[in-house]
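See below for the structure under consideration.
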Amino acid sequence: MKQLLYSFFFIACISILSSQNFAQAQSGAIRGTVVDSVTRKPLLEASVSLLSGRDSSLVTFGITDGDGHFTFPKVAEGQYRVLVTYVGYRSKVRRVSVTSATPAVDAGTLDLVAQSQTLGEVQVQGERAPIAVKGDTLEFNAGSFKTRPNAQVEELLKKLPGVQVDRDGTVTAQGQAVKKVLVDGKPFFGDDPKMATRNLPADIIDKVQLFDQMSEQSAFSGVDDGNRDKTINITTKKDKRKGSFGQESIGVGPKPGDNARYNGRVSLNQFNGSRQISVLGMANNINQQGFTAQDLGLGGSFGGAGQGQGGGGGSNVIRGGAGGGNFGGQNQVGSNAITQSWAGGLNYRDAWGKKVDVASSYNISNTNTFTNQSSRRENVLPTTDVVNGGTPARTDSSFVRYQTNGSTNSNTNNRANLRLDYRLDSLTTIRLIPSVSWLNSSYNNTSQSRTLSGPDTTNTSSTNYRSTGNGLNANNQLLLFRKFRKRGRTVSLNWNVSANDQENIGFNQSQNRFVRANTPLSTTAVSTTAVSGTATPGSQTAVNGLFDRNINQRSSQQTNSMTNSINVSYTEPLSLRQTLEFHYTVSMNRNTSDRIVNDRNESTGQYDRFNTLLSNSFINTFNTNRGGVTWQTRRLKYSYSLGLDGQQTSMRSDNVRSDTSLGRIDISRTYTSLLPNAMFTYNFARNRALRINYRTRINAPSVNQLQPVFNNTNPLNIQTGNPSLQPEFNQTLSLNFNRFEPNTFRNLFAFLNISRTDNKIVNSTTFTQAGAQTTQPINTDGYYTVNGSLVLGQPVKFGEQKANLNFTTNVTYNRGTSFINNQSNQSRNWFVGQGVGISSNFTEKLDLNLVGNINLQSAKYSLQPQQNTTFLNQTVTLDVFYQLPFNFTISTDVYYNRYGGNSASFNQSFTLWNATLAKQLFKQKQAELRFQAFDLLNQNRSIVRNVTDTYVEEVQSQVLNRYFMVSFVYNLRNFGAGITPPRDPFQERGSGNRGGRGQGGGFRRN
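Going letter by letter, the sequence shown gives residues -25 to -1, 1 to 981 in mature numbering (1 follows the signal peptide of the UniProt record, and there is no 0).
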């Protein structure tokens, strides 16, 4: 409770300071008018910035009204500069003074001169407004936001209003995760956003553009399909587009031997106009990873005796601890392992003549991850006994499983990406986007567990699982865009082919002891022999009432999938404001899974006993035909679209082996669905917008969910598929509201998502008397999820110092249904989080960031209300940088994490304290000698709480603890001049509502 009070006190103090700041009495006002120098007509929505006369720092910002007037109220006494900018005109500055004698100042009429005209009076070149609103894009002038010396882009993003960067490098803007980060409108190392934010220096950045990027076809046709990704585009300075830059560093811990820590990295970039070449390399054993991991499902994900599976219908996770990151990232909160890795990569982009643009990348990475975990899982468990002549009597109980788990996982991953744009002529463009990745993996897991029912032990298990595997994932997207002479008439084709091939060989050795017979607690539809193991060859004995079950098996599994889809879209303008789009999609998906399990033959010492129960070969095809029409209307203030699609889905599941326990199975079904969609956008003003989006979709079950074969990799949690699964039908309603006030820098971003899923695929879990379980996916209704976020930001002042204050509220609610022993279990999960943060460069020497969060999580179950749980997590993060005399700098970050809940063993708190002392070297301070200390208090730990429909689980993991390191860092900066910058792809925005992208048939290359 004391820590909770401290957290509320922290938030309250910042709120009070904020309110006091805005309550300060301001003494004056500045007003003026902006007109065209020739026509003398007022200029609407010209950007006007009020700058300090002392250091040209931004004081406030605004735009002109319909009569060209602007006003800055509540201005303190002092010297100021009024900067006016407008597209197509030269910028202009006028100096003004606010005094006690003249508190209300009229800056007069500022007449702007068009770029093509002769400059008639003093103009200031190169000065721009700190923030500009251009259609649906929010643009930040990077030079208006100060960062510490030699900072990366990630540090710059932390200074922008409405943008947050987590300790693991995840960027959130306007309350939503940023999915893409572009550099000059092009991908940088594929779709890995952290590669740009953590490897490009902030001092080469000119602008940061924030927007919702539409899909490729929607951006071309102008008909929004509702598929958008929050995107950041980083525009480099024109004078930094010719030259070389980068950062190289090497560091080592003071202790030799196994405990030594090392970290080396290199980042080299060579820009020459449109040609950009980047080379990255790194090696370390301090949890910094080179690239974002690929989800190929190899290694430990094939099974392992780890935590097993359970519960369906979504979960919430709260984490604490510290660990890895991407290139150049600090050690971060959230890791549950210790990782050593090396990686390298190459990124290339260029314009080959006037018709071809190309961007490509290749990277390779190797990670060796060591995990040591302990966990406590409590299952919701109802049982029904038959007594009193057949009258059912409800008896509730629970199983609590304690488990220790250690694993090593080694992965070598290769990725290659290409993006090629070929403009056949002014009306036709071809875009080719192939990508391929391949992974080699080895995994070794050892676990021990004990399951209790009340005070009594029901089973114990000791398992060793090891596997090797490799996987290949290839994708190729071909897009054809064609405009016609009639404005708004377009045709586009999107052909996408993807293939995934995975192979895995595993060895499962397990000794399990059950106190009572391993038979079901109640009648179930799942094979009881799979649960008890009686049909599985192996050693099984019963001595003194204890039932032993030993497993020694070799498994091989090969999974293949191929998807081929073609989407054709045609738009026909009905008028200047209305467009009709016709679209048709055909998709063919084929998945195969071949699993062979052999038991060890003790007489021969070989794995030559074919296991018919656990082996299977399965083929699933999922084909769809979908066609529809969308009617879109655009007006000055609003736009809307209405659409209706018809989809026919055919699904066929075949068990093609006759020598397994299931025999031949052939299931074929056809589904027909109507899929409506709608979208409404309203622009209240240039800086306020509301978007409402309603979408429906069909989700097909995966091949693993369909394959009717038992997987006993974890003997206490056997899993099997269900070939009778039907596709899910999902409906989603989302609302986005954005408000940004340029004159005060206040911003408000709200997001709400409501989703309902029919035929939701959830887990049906069956427990035995001995505590083992079998999990099978089934369809059910009644699944709802609601999640929303609210981000409120505003500037504050502490005396003469300015800072950004941000409040972030997140709410998630899940209501789902699962089945335990054939009984319906309704679960309701709540997650409520409140965060507040403040960041500022208080002076040229001091940079400070302070963030506090309080997260409340609650889980309630219909079957066993006594297992309802509520717990609280509180975190505070302080990050400080200070420039000392004689070119020394000091930086430190402190992270405090507190847990409180039902389980006393997991109600813990810890403080993670890192510090760095650096000496800046050479004339331009381009090098640093650093002494770094990580986890000075030696308290770092990882805590994870998982809440699902069927269990609550708490997991603690071994993490990286205290170490020290001495590093040398060199920042390369070598730029030329006199280069003509390449065409800015963000200028191709089409026509329509206030410059919005893709409107009226316009096409923006991205």
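Note that CB positions come from ideal geometry on N, CA and C, so glycine has one too.
Between the Cα of F773 and those of T743, Y759, S815 and Q751, spot the shortest distance and give me the residue it belongs to.
Counted from its first residue, the sequence shown places residue 773 at position 798. With distances taken between Cα atoms, F773 lies closest to S815.
Can you give me the start and stop residues for the beta strand (DSSP E) that T60 sits inside?
Working through the sequence shown from its first residue, we reach residue 60 at position 85. G53 to T60 is the extent of the beta strand (DSSP E) around T60.
Whose C-beta lies closer than 7 Å to the C-beta of S31 among residues of the same chain, with five residues either side of it excluded?
Indexing the sequence shown from 1 puts residue 31 at position 56. When the five nearest sequence neighbours on each side are left out, the beta carbons in the same chain lying within less than 7 Å of the beta carbon of S31 are those of R56, in order along the chain.
Rounded to whole angstroms, what is the Cα-Cα separation between G299 and F939?
The count along the sequence shown starts at 1 and reaches residue 299 at position 324. The count along the sequence shown starts at 1 and reaches residue 939 at position 964. Unreliable placement is indicated for G299, whose pLDDT of 34 sits below 50; no coordinate value is reported for it.
In this structure, what does DSSP give as the bridge partners for F897?
As a first step, residue 897 must be located in the sequence shown, where it is residue number 922. According to DSSP, F897 bridges with nothing at all.
Thinking just about the alpha-carbon of each residue, which of I207, G197 and S224 is nearest to the one in Y945?
Residue numbering aside, residue 945 sits at position 970 when the sequence shown is read from its first letter. When only C-alpha atoms are compared, the closest one is S224.
For S917, which residues in the same chain have their Cβ closer than 6 Å to its Cβ, ignoring the five residues on either side in sequence?
By one-based count along the sequence shown, residue 917 stands at place 942. Contacts found: G296, N311, S932 and V934.
Going straight from the alpha carbon of T671 to that of T560, what length do you get?
Working through the sequence shown from its first residue, we reach residue 671 at position 696. Working through the sequence shown from its first residue, we reach residue 560 at position 585. One C-alpha to the other measures close to 15 Å.
Let me check one thing: in DSSP terms, what residues is A653 bridge-paired to?
Residue 653 sits at position 678 when you count from the first residue of the sequence shown. Its beta-bridge partners are L617 and Y669.
From the DSSP output, in three-state form, read off T624 for me.
The residue you call residue 624 lines up with position 649 of the sequence shown. Reduced to three states, the DSSP call for T624 is strand.
Let me know the secondary structure DSSP gives G696 once reduced to three states.
Reading the sequence shown from its first residue, position 721 is the one you call residue 696. The answer is coil: DSSP assigns G696 none of H, G, I, E or B.
Given this structure, state the Cα-to-Cα distance separating residue 1029 from G621, to the nearest angstrom.
In this structure the chain extends from -25 to 981, so residue 1029 is not present and cannot be described.
When we look at the beta-carbon of A76 and count the other beta-carbons within 10 Å, is it buried (16 or more) or exposed?
The residue given as residue 76 occupies position 101 in the sequence shown. It is exposed - the Cβ of A76 has fewer than 16 other Cβ atoms within 10 Å.
Using the DSSP secondary-structure output, state which residues sit across from R795 in a beta bridge.
For the purposes of this step, residue 795 is taken as residue 820 along the sequence shown, with counting starting at 1. A small fix is needed here, since residue 795 is Ile in this sequence, not Arg. DSSP links I795 through a beta bridge to T740 and Q798.
Could you give the first and the last residue of the continuous alpha helix (DSSP H) run that contains F195?
By 1-based counting over the sequence shown, the position of residue 195 is 220. F195 -> alpha helix (DSSP H) spans E191 to S196.
Looking at Q184 and E129, is the spacing between their C-beta atoms short of 8 Å?
The residue you call residue 129 lines up with position 154 of the sequence shown. The residue you call residue 184 lines up with position 209 of the sequence shown. Cβ atoms of E129 and Q184: not closer than 8 Å.
Between which two residues does the beta strand (DSSP E) carrying R130 extend?
Counting from one through the sequence shown, the residue named residue 130 turns up at place 155. First, the residue type needs correcting, since residue 130 is Glu and not Arg in the sequence shown. No beta strand (DSSP E) contains E130, which is instead part of the alpha helix (DSSP H) from V128 to K133.
Which partner residues does Q149 have in the DSSP bridge list?
Indexing the sequence shown from 1 puts residue 149 at position 174. Beta-bridge analysis with DSSP links Q149 to no other residue.
Under 8 Å: do the region 334 to 350 and the region 374 to 389 share three or more Cβ pairs, one atom per stretch?
yes
Any idea if I526 is buried or exposed, counting beta-carbon neighbours within 10 angstroms, 16 or more meaning buried?
For this step, residue 526 is matched to residue 551 along the sequence shown. Flag for I526 reads buried.
Along the alpha helix (DSSP H) that carries P770, what are the first and last residues, could you check?
Within the sequence shown, the letter at position 795 stands for residue 770. That residue, P770, is in no alpha helix (DSSP H); its beta strand (DSSP E) goes Y758 to F773.
By DSSP's criteria, residue 985 is part of a beta bridge. Which residues make up the other side?
One cannot answer for residue 985 here, as it falls past the ends of the chain, which runs -25 to 981.
Going by DSSP, which residues form a beta bridge with residue 996?
Beyond the ends of the chain as shown, which are -25 and 981, falls residue 996; an answer cannot be given.
Output the residue ranges of the beta strand (DSSP E) runs that lie fully inside the region 157 to 237 and measure 3 residues or longer, sorted by chain position.
180 to 189, 203 to 211 and 217 to 227
In three-state terms, what does DSSP make of F961?
Taking the sequence shown and counting its residues from 1, the one referred to as residue 961 is at position 986. Residue confidence is low: F961 scores 33 on pLDDT, short of 50, so the model does not pin down where it sits. No coordinate-derived value is stated.
Return the chain-ordered list of same chain residues with a C-beta closer than 6 Å to the C-beta of N936, the five sequence neighbours on each side being excluded.
Position 961 of the sequence shown, counting from 1, holds the residue named residue 936. The answer, listed in chain order, is D910, N913 and N915.
Enumerated in chain order, which unbroken segments of the beta strand (DSSP E) with a length of 3 residues or greater are wholly contained in the region 898 to 939?
Within the region 898 to 939, the runs of beta strand (DSSP E) that reach at least 3 residues and sit entirely inside it are, in chain order, 902 to 909, 917 to 922 and 926 to 932.
Just to check my reading of the structure: I795 and T925 have Cβ atoms closer than 8 Å, yes? What is that Cβ distance to the nearest angstrom?
Numbered from its first residue, the sequence shown carries residue 795 at position 820. Numbered from its first residue, the sequence shown carries residue 925 at position 950. That pair is a contact at about 6 Å.
Thinking C-beta only, is G810 closer than 8 Å to F846?
Counted from its first residue, the sequence shown places residue 846 at position 871. Counted from its first residue, the sequence shown places residue 810 at position 835. Not a contact, by the Cβ cut-off of 8 Å.
Apart from the five residues on each side of it in sequence, which residues of its chain come closer than 6 Å, Cβ to Cβ, to T864?
Locating residue 864 in the sequence shown gives position 889, where the first residue counts as 1. The answer, listed in chain order, is Q858 and A893.
Going by other Cβ atoms of all chains shown within 10 Å of its Cβ, with 16 needed for buried, is Q682 buried or exposed?
Looking up residue 682 in the sequence shown gives position 707. Around the beta carbon of Q682, a 10 Å sphere encloses 16 or more other beta carbons of the protein chains shown; the residue is thus reported as buried.
Would you mind working out which of G28, G53, Y61 and A21 sits nearest T46, comparing C-alpha positions?
For the purposes of this step, residue 46 is taken as residue 71 along the sequence shown, with counting starting at 1. Ranking the options by Cα distance to T46, first place goes to A21.
Expressed to the nearest angstrom, what Euclidean distance is found between the alpha-carbon atoms of G37 and T719?
Counting from one through the sequence shown, the residue named residue 37 turns up at place 62. Counting from one through the sequence shown, the residue named residue 719 turns up at place 744. The straight-line gap from Cα to Cα measures roughly 8 Å.
Starting from the Cα of F29, find the closest Cα among V146, G827, S72 and P17 and give me that residue.
In the sequence shown, the residue the question calls residue 29 occupies position 54. Note that residue 29 is Arg in the sequence shown, not Phe. It is S72.
Could you check whether V737 and S793 sit closer than 8 Å to each other, using their CB atoms as the reference points?
For the purposes of this step, residue 793 is taken as the residue at position 818 of the sequence shown. For the purposes of this step, residue 737 is taken as the residue at position 762 of the sequence shown. Taking 8 Å as the Cβ cut-off, S793 and V737 qualify as a contacting pair.
Determine whether the beta carbon atoms of F923 and N889 lie at a separation below 8 Å.
Here residue 923 corresponds to residue number 948 of the sequence shown, with the count starting at 1. Here residue 889 corresponds to residue number 914 of the sequence shown, with the count starting at 1. Reading the sequence as shown, one finds Thr at residue 923 and not Phe. In this structure, T923 keeps its C-beta atom at 8 Å or more from the C-beta atom of N889.
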